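Positions -21 to -1, 1 to 410 (mature numbering (1 follows the signal peptide of the UniProt record, and there is no 0)) are the ones given, in order, by the sequence shown.
Using N, Cα and C, we set each Cβ at its ideal position, and we do this for glycine too.
Keep in mind that this is a model prediction, so the values were computed, not measured.
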Amino acid sequence: MIKKLLPVMFITLCLSTSIHAAPRIVESVAAIVNNNVILTSDVNEMLSSVKSSADPKNLPDDATLRHQIIERLIVDNLILQQASRAKITVSDDELNTTISGIAKGNGMTVDELRGYLSSIGVHYSGYRERIRNEMLIDRARMNAVRQRINISDKEVDTLADTIAKQPMNNLEISISHIMIAIPENPTKQQVESATAKAKEVISRLKNGESFAKLAATYSNDENALKGGSMGWHKLNELPTIFEERLVRAQKGDIIGPLRSGVGYHILKVDDTRAEKAKAVTIKEVDAKHILIKTNALVNDDMAKQKLLDIRQAITSGTTTFDAAAKTYSEDPGSAEKGGDLGWNDPDRYDPMFKSALLKLKKGELSQPIKSSFGWHLIELVGSRNVDKTDMAQKDQAYRLIFNRKFTEELQVWIQELRGDAYVKIMSEDKE
């Protein structure tokens, strides 16, 4: 149980990000971030968590690790400040749902998770606050970065066409990443220093040193404390400068340094996998319905009874479904067509409507069904399987392009946040 929980908790327990207003300082300060501070206790707690969760062979000395932790907390603090300015919030219900998901993912109830945390000396209230901060950071990043992303139809069509033509278009690659950052508008000395550091890292990697340890030592990427691991990605969703060099890469390859607008990048191919593309088919349904809405004069019982009377008239042959829809249905989009909704993916319908529809046989008439729109009488006209491979490829292409651009823009956005902020690391006495 514990072994299964630790990987999930490593991310959340280590990121003990918090914002402390300057007037509340009651202990030593590790760094000042605009008008906020990072306390030494924050750094010590994260240091302890990282050291207890990672292989010691993949960690640098304590001084270097402490510096990396402070840098990570600075960036997280800046993003939390951004979230506060944008009035981004996480409700207690949303937080409870997330924590329930974490507990379930580890085969626990929330009470069992609380008990486990207590057994390792972690206060549940503090744990909740860390999870909330992680959710705020995710939302702030998404809110800010997606506004910087533009995706044209031509980009989507081009990549979708490429995916369709590739025999192994589901290529995925697991990589680790070291980024040697270069600040905005760098001086010649800053560029030369970053270049020398990148070359040094490459040299040490070629001499057999641990990629994870060097990532934890030198990388300015947000995954530095995880040994630089970026996990599995579709090749097409990685930044363009990565994709171009990874197309023919093999497991174990070291690639770089690659220069981008934010610095130098060094990659390690941890693994690759691929499978042939599969055709995508979905079940479409052709349905008719009669809608009766509720209002101040028509309650649920009255609407249901009216549909029962209409159903009886249809089944007895007194009228037809089409005639009844034209006479009684309050859905203007379908009433004039005899209630016909045409061929559609069932997922486009209200959940209650969809559930009732999928239980019908061809030609069968439902009982009155309530949805968020009102009460319905439904008839299933027919169903068919439709090849949606082309649409699925376009959806995939859009997601891949979005993920690629998000990764690229996120690095630039963080660089801008860091460059515009007042930051002073107390132990290093530098801004």
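- Going by DSSP, Ala282 is part of the alpha helix (DSSP H) stretching over 279 to 294.
- When the Cα atoms are used, Trp211 and Ser153 turn out to be separated by approximately 4 angstroms.
- For His268, the enclosing beta strand (DSSP E) has its first and last residue at 260 to 271.
- Cβ-Cβ distances below 7 angstroms link Gln47 to Ala195, Ala203, Leu204 in the same chain, with the five nearest sequence neighbours on each side left out; the list follows chain order.
- For the alpha helix (DSSP H) assignment, the uninterrupted runs of no fewer than 4 residues enclosed by the region 131 to 212 are, from N- to C-terminal side, 132 to 144, 167 to 185, 190 to 197.
- Fewer than three pairs of CB atoms, one per stretch, sit closer than 8 angstroms, so the region 240 to 259 makes no contact with the region 300 to 309.
- Per DSSP, the unbroken beta strand (DSSP E) holding Glu358 starts and ends at 353 to 366.
- Spanning the alpha carbons of Val12 and Lys272 requires a straight line of approximately 56 angstroms.
- In this structure, DSSP gives Gly317 a state outside helix and strand, which the three-state scheme calls coil.
- Annotation: the continuous alpha helix (DSSP H) that includes Ile81 extends over 71 to 84.
- Annotated as proximal: Ala119 and Gln61, with beta-carbon spacing under 7 angstroms.
- Here Ser345 is not near Leu337, since their CB atoms are 7 angstroms or more apart.
- About 6 angstroms separates the CB atoms of Phe332 and His355; that is less than 8 angstroms, so the two are in contact.
- When Cβ pairs closer than 8 angstroms are counted between the two stretches, the region 277 to 287 is seen not to touch the region 239 to 246, the count staying below three.
- Nearest C-alpha to Asp249 among Asp326, Ser208, Thr260, Asp288: Ser208.
- Under the DSSP assignment, Val22 falls in the alpha helix (DSSP H) whose first and last residues are 19 to 32.
- Exclusion of the five residues before and after His268 leaves Gly318, His355, Ile357 as the residues of its chain whose Cβ lies within less than 6 angstroms of its Cβ.
- Following the DSSP letters along the chain, one finds Val241 in no alpha helix (DSSP H), marked with neither H nor E.
- For the set Leu379, Ala42, Asn37, Leu389, the Cα lying nearest the Cα of Glu216 is the one of Leu379.
- If you check the CB distance, Glu387 and Val124 do not come in under 7 angstroms.
- Here the alpha carbons of Lys262 and Ser334 stand approximately 14 angstroms from one another.
- According to the DSSP assignment, Lys349 belongs to the beta strand (DSSP E) that extends over 348 to 350.
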